């Protein structure tokens, strides 16, 4: 259904008075009659959102997850450190922005106050040339946030601003989905910034940090995704660019409580259970095959990562149609990325931020000091007197020497935090992954959507196309709820009401100007 502007404080999920509500189709509050059975393939954010909306309305749900833990790319697992203690390793830092209305709605199932999240005081950025930036003092409401950032940022100088092409930059002022993809999907983020003559210093600091949060180099990322991100986090929303983080590792903070919630509603959670194939018979019943079982369902949610989705679809010729197979086969994964976590014998300086976005430091994209916000790390540092530091390197060349990249990340850490140079490393963990979706130039048209030609088969995940202004974790949660809503609508049940940031630029005058000059 079409989004509409939320009205009144009681109707809103965030601070933004212009947040939009996306109502579900009308229906009964719960399933009437025999409960249908649904298989949810994938136990990440998207799959768990779909499972939650379904079980709350009386659907029998079984979640299949290939890994031993729930959470997908936010899962965590125990590791034994060299000092004999046990810690939780993960795939790294994630920012829970205040614009993530639907993800936060999912987490409120287990804590209505969102007490598992801890706010960080700033989103600081650092360039190797000495430039520093941040967002703590930037106003939240557009256009004052943009004006405040430009006025206070050392990366903007008057000659640079006068040299910009305002007509070329106007698409940033009226971002609509999917129209923005028709306008900008054929251009890379790097070329778009070059076209508008965006100041080089700001491009290398702020926009490089933002664009690489999609795990891709700006030269490969669609300019439409960059413009959408600019709208979600800046010109389109008054939630601001500050964010929250989990106060404990992902399993304890998020997934174990949500698993308890789901099983309390009757859901089955099969971790460590990869699905081999799905088949559909003439009656519309689906059979999900694993190594040890073949189970029948009335509907299936495919909430898998790119490689997993491609593998299941390729092994399941009786589901979907030729268009779905074509679109799934053309999905791409982003280049490899590295997460390094170091348990250090000595503490870093007390004024070091919990998170720092970096640019110009070789392969290194950000540095986190975990004890600033995570309870488990803080307890370890109190016992040991040390620090727990995490490094991210995104979009690493597939042919790169991984040991050299790991060493280079640590060397760059020593440049940023010189006090780490001589300390003993109690434990070092290097995690390489290459399973994040890539949003390449010209890729939007081929991206599969939530609904398929088969009403009993739906897709969810951050790789899925959705015509709403959402991205990253919020896109995963939103498509998960939308997948559940599509199935519930078939059974006459009202689904989950969703929220997004405003669907268009906030200034009518600027929107009109963008339309005329665009």
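Numbering (the numbering used here), first residue to last: 8 to 525.
Where a beta carbon is used, it is the ideal one built from N, C-alpha and C, also for glycine.
Just so it is clear, the structure is predicted and the values come from calculations on it, not from any experiment.
- Pairing residue 476 with residue 184 gives a Cβ-Cβ distance under 7 Å.
- The C-alpha of residue 174 is placed about 17 Å away from the C-alpha of residue 153.
- The alpha-carbon of residue 143 is positioned some 26 Å away from that of residue 369.
- Annotation: residue 155 to residue 428 spans about 37 Å, alpha carbon to alpha carbon.
- Per DSSP, residue 418 is one residue of the alpha helix (DSSP H) stretching across 409-423.
- By the C-beta criterion, the region 352-364 is judged to be in contact with the region 382-392, since at least 3 inter-stretch pairs fall below 8 Å.
- A buried status is given to residue 225, since no fewer than 16 other beta-carbon atoms sit within 10 Å of its beta-carbon.
- The continuous beta strand (DSSP E) containing residue 275 extends over residues 275-277.
- Pairwise C-beta distances place the region 293-302 out of contact with the region 31-40, as fewer than three of them are shorter than 8 Å.
- In the DSSP assignment, residue 238 forms no beta bridge with any residue.
- DSSP places residue 223 outside both helix and strand once states are collapsed to three, so it counts as coil.
- When DSSP states are grouped into helix, strand and coil, residue 124 belongs to the strand group.
- Separation of residue 415 and residue 108 (C-alpha to C-alpha, rounded to the nearest whole angstrom) is 37 Å.
- In the DSSP assignment, residue 85 falls outside any alpha helix (DSSP H) and lies within the beta strand (DSSP E) extending over 83-87.
- In the three-state DSSP reduction, residue 444 falls in the strand class (E or B).
- Secondary structure remark: continuous beta strand (DSSP E) runs of at least 3 residues inside the region 289-329, in chain order: 293-297, 301-304 and 306-309.
- Nearest neighbour of residue 311 by Cα position, chosen from 84, 494, 483 and 489, turns out to be 483.
- Residue 336 is not bridged by DSSP to any residue.
- Separation of residue 472 and residue 435 (C-alpha to C-alpha, rounded to the nearest whole angstrom) is 37 Å.
- Taking the C-beta atoms as reference points, residue 412 is found no nearer than 7 Å to residue 229.
- In this model, residue 135 and residue 111 are separated by some 35 Å (Cα to Cα).
- Nearest neighbour of residue 333 by Cα position, chosen from 164, 128 and 453, turns out to be 453.
- For the pair residue 373 and residue 239, the Cα-to-Cα distance works out to about 21 Å.
- Annotated three-state conformation of residue 187 is helix, per DSSP.
- Annotated as distal: residue 204 and residue 236, with beta-carbon spacing of 7 Å or more.
- A distance below 8 Å between beta-carbons, with the five flanking residues on each side excluded, links residue 278 to the following residues of its chain, in chain order: 50, 72, 74, 75, 76 and 77.
- Annotated three-state conformation of residue 364 is strand, per DSSP.
- The residue from 345, 490, 462 and 509 with its alpha-carbon nearest to that of residue 440 is 345.
- For residue 102, the secondary structure class from DSSP, reduced to helix, strand or coil, is coil.
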